[in-house]
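Engineer:
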Amino acid sequence: MERIKSSREYIDYVGEVRCSGEGFYVWKKSGRVTIRRRGGAILMQLTPFELEVVTPISINLQFNQDWHEWYEKKLPMDLLLSGMRRYIVACEEREILRMLTEDAKVFDLSDEELGRGELGEVIDYILSQGCYPDTLLVHPLQLLKLLKEASFTSRWNLDQEVMIGKGRRFLGLLGDLSVYGTMILPQSTGILYEREQVMVRKTPLSISFLDPSDQTVMLVREDIYAWTVDDGAIAKINLKT
Numbered sequence: 003m004e005r006i007k008s009s010r011e012y013i014d015y016v017g018e019v020r021c022s023g024e025g026f027y028v029w030k031k032s033g034r035v036t037i038r039r040r041g042g043a044i045l046m047q048l049t050p051f052e053l054e055v056v057t058p059i060s061i062n063l064q065f066n067q068d069w070h071e072w073y074e075k076k077l078p079m080d081l082l083l084s085g086m087r088r089y090i091v092a093c094e095e096r097e098i099l100r101m102l103t104e105d106a107k108v109f110d111l112s113d114e115e116l117g118r119g120e121l122g123e124v125i126d127y128i129l130s131q132g133c134y135p136d137t138l139l140v141h142p143l144q145l146l147k148l149l150k151e152a153s154f155t156s157r158w159n160l161d162q163e164v165m166i167g168k169g170r171r172f173l174g175l176l177g178d179l180s181v182y183g184t185m186i187l188p189q190s191t192g193i194l195y196e197r198e199q200v201m202v203r204k205t206p207l208s209i210s211f212l213d214p215s216d217q218t219v220m221l222v223r224e225d226i227y228a229w230t231v232d233d234g235a236i237a238k239i240n241l242k243t
């Protein structure tokens, strides 16, 4: 069980915060920066924040497996655990993307492909909200179309340290936008946002057996909540299908 917890794959296109689950709260911007001049000085009132108590989404999974059989047959346990981890992450992603896009401003584009030029209106919107879009999330099959873009640099053409620092799901740079891929998104959908403003809180995985004396039914549970600190920092993009 500890191997599942310790080797979990983090979702690298959002900021992640671990919590105990005792009181799920988030922080939200409740205004805008104001700037005014007094005499020879410029006075800046920073954006106020508010804490909000929220109700997380519970992810409950059940894995049926004869663990003793795997051990006795000396089957590679890593294969089984890897499959479990991928499924857990997929469930997390599904909930994260659903919560993040529920109230995001939607842009319906007339193009079938996501390019820097097609994103101009969406980028301008986020900039007008006082935020700075730096991350684009797409379906991995969009990579084939992005490779045709002159402003796109594949991860394999970047310095290795940059590539590793961006995470496993990093596809490359579209101008100054970091592009990430997830199979959870439809091919005709993209999400543009300022990464610093997109957060996820979740509890550590709780792993137990339905019957401790049997240990063939494993129960996995966690609570999760995703939100945008500044509502103007994210936009959903629908491409022409």
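At position 204 of the sequence shown (counting the first as 1) the number is 206 in the working numbering, and the numbers step up by one without a gap.
Beta carbons are placed, not taken as given, at the ideal position from N, Cα and C, and that holds for glycine.
The structure displayed is predicted, hence computed values, not measured ones.
#1: Quick check on DSSP: helix, strand or coil for Gly-85?
#2: State the Cα-Cα distance for the pair Glu-94 and Leu-102, rounded to the nearest angstrom.
#3: Express the C-alpha separation of Arg-171 and Phe-26 in angstroms, rounding to a whole number.
#4: If you run the structure through DSSP and keep just helix, strand and coil, what is Lys-242?
#5: Ignore the nearest five residues each way along the sequence and tell me which others in Ser-9's own chain have a CB closer than 8 Å to its CB.
#6: With respect to the beta strand (DSSP E) encompassing Glu-104, which residues constitute its N-terminal and C-terminal limits?
#7: Of all the options Asp-14, Lys-238, Pro-78, Glu-120, which has the alpha carbon lying nearest to the alpha carbon of Gly-177?
#8: If Ala-246 sits next to Val-16, beta carbons under 8 Å apart, how far is it from one beta carbon to the other, in whole angstroms?
#9: Measure the C-alpha to C-alpha separation of Ile-193 and Asp-233 and round it to an integer number of angstroms.
#10: Quick one: residues in its chain with C-beta nearer than 7 Å to the C-beta of Ala-106, no 5 flanking neighbours on either side, listed in chain order?
#11: Considering only residues of the same chain and omitting the five flanking positions on each side of Leu-212, which have a CB-CB separation below 7 Å?
#12: Taking the alpha-carbon of Ser-60 as reference, which of Thr-205, Gln-217, Asn-240 has the nearest alpha-carbon?
Structural biologist: On the basis of the coordinates in this document:
#1: helix
#2: 12 Å
#3: 28 Å
#4: coil
#5: In this prediction, Ser-9 has a pLDDT of 47, which is less than 50 and means its spatial position is unreliable; what the coordinates show is noted afterwards. Residues of the same chain with a CB within less than 8 Å of the CB of Ser-9, apart from the 5 flanking positions on each side, are Leu-83, Arg-87 in chain order.
#6: No beta strand (DSSP E) holds Glu-104; DSSP gives it neither H nor E.
#7: Glu-120
#8: The requested residue 246 does not occur in the structure, where the chain is confined to residues 3 to 243.
#9: 13 Å
#10: Ile-236, Ala-237, Lys-238
#11: Val-219, Leu-221
#12: Thr-205
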